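Numbering-wise, the working numbering comes out as the position in the sequence shown, counting from 1, plus 40. Just so you know, even glycine gets a beta-carbon here, dropped at the ideal spot from N, CA and C. These numbers were taken from a predicted model, which means no experiment stands behind them. Data first, discussion second: the structure below is written as structure tokens.
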Amino acid sequence: MGLLTEGSPLSWEETKVHADHVRKHGVIQFINLYKKLRDRQGDVLKWGDEVEYIIVKFDDENKRVTVSLRAQEMLAELNEKELADPQGVKSLWRPEYGAYMIEGTPGRPYGGLLAHFNIVEANMKYRRTEAAALLGPGEYLMSITNFPRLGCPNFTSPPFDPQPETGVSRSLFFPDEAIYPGHPRFKTLTRNIRMRRGEKVAINLPIFKDVNTKIPVDDSHQKESNALPDHVYLDAMGFGMGCCCLQLTFQACNIAEARTLYDQLTPLCPIMLALSAASPAYRGFLTDVDCRWNVISGSVDCRTPGERGLAPLGPGEKFRITKSRYDSIDSYLSPHNEKYNDIPLTYDKDIYKQLRENDIDHPLAQHIAHLFIRDTVSLFSEKVNQNDEEDTDHFENIQSTNWQTMRFKPPPPRSSIGWRVEFRPCEAQLTDFENAAFVCFVVLLTRVILSYQLNFVMPISKVDENMQKAQKRDACKQGKFWWRKDISTGVTPVEASRHCHLGSCDTDQYEEMTINEIINGKEGTFPGLIALIESYLESMDVDADTHCSIQQYLKLIQRRASGKLLTTASYIREFVTTHPLYKKDSVVSEEINYDLLKAAQAIQSGEMPCPKLLGNSIFTKTKESIPEALRKVLTKECPY
Ligand code: GLU
Ligand code: MG
């Protein structure tokens, strides 16, 4: 979830006092970093994935399933291998927000060979098996986006009562013990976000209204003025940050290419969110949303009422801020895409000026000055005073608590890592096969974008609209999303500006399309992302096994998009609503949840085929490593 500084966290009162200090030095640190690294060239395209997992525990006798608060114990063991051989391990394990969550990445990034696509799934399997070896009786590691009964009574093992009067989140539902205890960052963030906001967070998800659904859905609206009667009310950071996702990071060859990737992948964020939708149930209810996005956004929304526009700005408050720290990005980064930044950006004018005076161009200065409208919400006493020439913790402090759909990452100081971007919208899928398919699809798209110089960029206001549409129930099948028709560039920045003036982009360039049309093509309008990838692959040398796996991955994406296969969210909905014990009341009861997760577990382990979710033949030829023979033949890495 971000920077894990060791040390003693300051209280909110102390942290608040240092807000300007962190900002001031964070900006200086960025400027120093930028000066050293702006001209860095020649890094090769590398990439990697991150999968977050939930540890669940089945109680077969009572037909119950809970989340198991054993992440810290498991991580201690998982990290031992890494400590002994940091360069040699095949996987890296990190804590996440939940005391029942862990996050795994490959030990080393993947590189430019197409054959790398064929080791992603095997590495995911390796990770799952490695962590699974540490599980106790009844426990399973599951890459489910949300535990459907998170926040219901006794949802943890061991069970704990929530602490509405004393806990760091003050939640009616989510006990402090469910927050990862092994690092102070997580509880500190929870407390500080609540204190900065001035009250606890409040998320209201529209209930999925079935024939017997009770409104109000429960008595939370009687206890809390922020709870809406026909909504599922959530009141803790854990409801959002306790969800799992699938993320990707790319290293670009230089800063300009990183900006290109950042911009070009931005319009894909809502599309991939809808396609990967996997979380329709919250706190034991089916809702009318399919994705976690707005839940997390609300769960870390530290804005004061003044900043949210609900009251006059209070003392020390400088801005009205339209979005939470966790949300979609607000501006493109390449100078020629500036005209698509059609929503007025809130940014710190002084910081902007300082960045400009240090020779940082307008879009980048604006981006950084926008990130820096936020206050630090977690500060460690040992880290207050830093050497701005060497350290970057204050910059990272603000950067890593801006959780946006994309993240633009400067190279870490004194490292061999180049400029990178992170792609963050996707929801976690049940199986390694699906997760590998999503990863390979997005990585292939980056190569297609770079080698054909494609242009997916559209006004940021349309991307925002798409983000909201993407989360609606069944958006993957029924939603319509703004999409650019002509994606061939050849369009130089100069030509583009002829079509499109600041704030008044020619709307003929965009059309509302279904996910199916965007992925699989729309006759006469848009070739479809799959066709673009296929044509790229035709021009490349690829070994037979990799080819076979990639085809399986693309087939999954194609069929999810066309509706031939269900999204994970639709599968979960269907499972619940057709369960014999379902009372048509939107409730995911203990026993339904147990059966659902049992089924999900059998699907992820391969014991139970699930043609409606995965199709019939899902046997890829994934391999643990790239065969030696291939390494020799394919020594020339493709430029993209
Ligand atoms: N779990 C968060 C999500 O689902 C992401 C946390 C992180 O930044 O690693 O988006
Ligand atoms: Mg994470």
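In summary, M277 is buried, with 16 or more beta-carbon neighbours lying within 10 Å of its beta-carbon over all protein chains present. By alpha-carbon distance to G144, the top candidate from A171, G151 and E120 is A171.
Counting only the Cα atoms, T106 lies some 15 Å from C283. Relative to ligand 1, the beta carbon of M553 is positioned no closer than 8 Å to any heavy atom. When only Cα atoms are considered, V479 and A571 end up about 17 Å apart. Where G152 is concerned, there is no enclosing beta strand (DSSP E), because DSSP gives it neither an H nor an E. In the DSSP annotation of this structure, the continuous segment of the alpha helix (DSSP H) that includes S589 starts and ends at A584 to S602. Comparing C-alpha distances from T432 to each of T445, H410, Q444 and S455 shows the shortest one belongs to S455. V461 places its beta carbon less than 9 Å from that of L301.
Sixteen is the threshold: since fewer than 16 other Cβ atoms of the shown chains lie within 10 Å of the Cβ of M648, the residue is exposed. The chain-ordered list of residues whose CB is nearer than 5 Å to some heavy atom of ligand 1 reads M41, C283 and C285. For the segment 374-430, the continuous alpha helix (DSSP H) assignments of 4+ residues that do not extend past its boundaries occur at 389-397 and 402-411, in sequence order. DSSP, read as helix, strand or coil, puts R168 in helix. Assigned with DSSP and collapsed to three states, C480 falls in helix.
Judged by DSSP in its simplified three-state form, K56 adopts helix. Annotation for I559: the continuous alpha helix (DSSP H) segment containing it runs I555 to N560. Annotated as distal: F521 and L596, with beta-carbon spacing of 9 Å or more.
Around the C-beta of K423, 16 or more other C-beta atoms lie within 10 Å, and the residue is accordingly described as buried. Bridge pairing for S108: S197 [DSSP].
When DSSP states are grouped into helix, strand and coil, K97 belongs to the strand group. By alpha-carbon distance to P269, the top candidate from C285, L286 and K249 is K249. Contact annotation, T445 with I369: C-beta distance approximately 6 Å; criterion of less than 8 Å satisfied.
Ranked by Cα distance from S337, the options F615, S319 and Y366 are led by Y366. Residue state for Q203 is assigned as coil, using DSSP reduced to three classes. Rounded to the nearest angstrom, the Cβ distance from I643 to L653 is 7 Å, consistent with a contact under 8 Å.
At least one heavy atom of ligand 2 lies less than 8 Å from the C-beta of E92. Contact annotation, G222 with P135: C-beta distance approximately 6 Å; criterion of less than 8 Å satisfied. The shortest C-alpha to C-alpha distance from A515 to any of G458, L594, T554 and A351 is the one to T554.
By the Cβ test, the segment 485-501 is not in contact with the segment 339-353, since fewer than three Cβ pairs between them sit closer than 8 Å. For Q287, the Cβ falls inside the 8 Å cut-off from some heavy atom of ligand 2. When rounded, the separation of the alpha-carbon atoms in F435 and N442 is 11 Å. Under the DSSP definition of a beta bridge, A173 lacks any partner.
For E647, the shortest C-beta to heavy atom distance toward ligand 2 is 8 Å or greater. Around the Cβ of Q598, a 10 Å sphere holds 16 or more other Cβ atoms; the residue is buried. A straight-line Cα-Cα distance of about 27 Å links E467 and K624. Residue pairing of L636 in beta bridges, as defined by DSSP: absent, with no partner found.
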